[in-house]
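Numbering (our numbering), first residue to last: 33 to 276. Backbone N, C-alpha and C fix where the C-beta goes; we use that ideal spot for every residue, glycine too.
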Amino acid sequence: MSHAKRADLYLVEHGFYESRARAQAAIAAGLVRVNGETLTKASRMIEASSTIEAEEEHPYVSRGGVKLAAALDHFQIDPNNRICLDIGSSTGGFTDCLLKRGARFIYAVDVGHDQFHASLRNNARVNLREGCDARNLTRDDFDDAPSLIVVDVSFISLTLILSKILPFVAPDAFLIALIKPQFEGSRAALKKGLVREDADRQAAIDRVTKAIIEEGWSINGVIPSPIAGGDGNIEYLIAAEHHS
């Protein structure tokens, strides 16, 4: 009787990765080998007798940390000793990246509940605000004004978030936001949940860029995310700065 299992399930059950999502990401990145051969499909069936070699996908609690790290490096933004605001904190990938890079304190805000990784919940440098709509935040919600804002939200346009947040940050603040074209454009641009046309993706970037400039910020640039979204959509990271 065969005891073969799907590769992503096998990797989780045998302790290589803590979730199927991380196992799938590692497979997509070419970090898993079965009997010496690079594994390319999470659906491949793996026998119990197989020899598995699996590299660590990344050092963060979620793939979000990889995305933010790429932007911090590219735009040469240093979180060290900064008060940070993480909008759409979810599992905590952005927060984890900021902590590892020396952020003094992080306000982690998410409209959802029970997503934040257990390893971050009791960190003295993190103030977690679950069930909080970022659009309702005011300057009074912070002991010190944030000087680095990072944003990763879904099912809502960034423009609706940024117009509420950017006015009350510290002077000389920086912004890094993840642009998800599927939430920035018209539904007509979506084909089975994906934005496939370059023109539609550029329109989403232009819309977010315009909203940031209208708040008095300068755009530092836009780069593609090093990894696609979980649904396969191409994403982008935009950086900006504000001078009082």
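Annotated three-state conformation of Ser94 is coil, per DSSP. Note on Leu194: 16 or more other CB atoms within 10 angstroms of its CB, so buried under the neighbour-count rule.
Thr123 sits in coil when the DSSP states are folded into three classes, being neither helix nor strand. Ranked by Cα distance from Leu192, the options Asp118, Arg239, Leu100 and Tyr139 are led by Arg239. In the DSSP assignment, Val44 falls within the alpha helix (DSSP H) that extends over Ala39 to Glu45. Straight-line measurement puts the Cα of Tyr268 at about 8 angstroms from the Cα of Ile237. Shown here for Thr241: same chain residues with a beta carbon closer than 8 angstroms to its own, the five before and five after excluded, namely Ile251, Val254 and Ile270 in chain order.
Beta-bridge analysis with DSSP links Asp142 to Glu162.
Of all C-beta pairs linking the region 109–117 to the region 87–99, fewer than three are shorter than 8 angstroms, placing the two stretches out of contact.
Lys99 sits buried, since 16 or more C-beta atoms from the chains shown fall within 10 Å of its C-beta. Inter-residue distance for Ala177 and Glu69 is about 51 angstroms (C-alpha atoms, whole angstroms). The residue among Ala209, Leu169, Val158 and Ala166 with its C-alpha nearest the C-alpha of Ala101 is Ala209. Classified as exposed, Glu246 has fewer than 16 neighbouring CB atoms from the shown chains inside 10 Å of its CB. Excluding five sequence positions before and after Phe174, the CB atoms of its chain that fall closer than 7 angstroms to its own CB belong to Tyr139, given in chain order. For Val66, the pairing in a beta bridge is given by DSSP as Glu69 and Ile84.
Nearest C-alpha to Ser81 among Ala231, Val93, Ile115 and His46: His46.
For Ile109, the secondary structure class from DSSP, reduced to helix, strand or coil, is coil.
Per the Cβ contact rule, the region 127–143 is in contact with the region 152–163 (3 or more Cβ pairs under 8 angstroms). With 16 or more neighbouring CB atoms inside 10 Å of its own CB, Asp128 falls in the buried class. Among the bridge pairs identified by DSSP, Asp118 is matched with Ala140 and Val182. Annotation: Ser151 is outside any beta strand (DSSP E); the continuous alpha helix (DSSP H) that includes it extends over Ala150 to Arg153. The beta-bridge partner set that DSSP reports for Val254 consists of Ile270.
Per DSSP, Ala156 lies in no alpha helix (DSSP H) segment and is marked neither H nor E.
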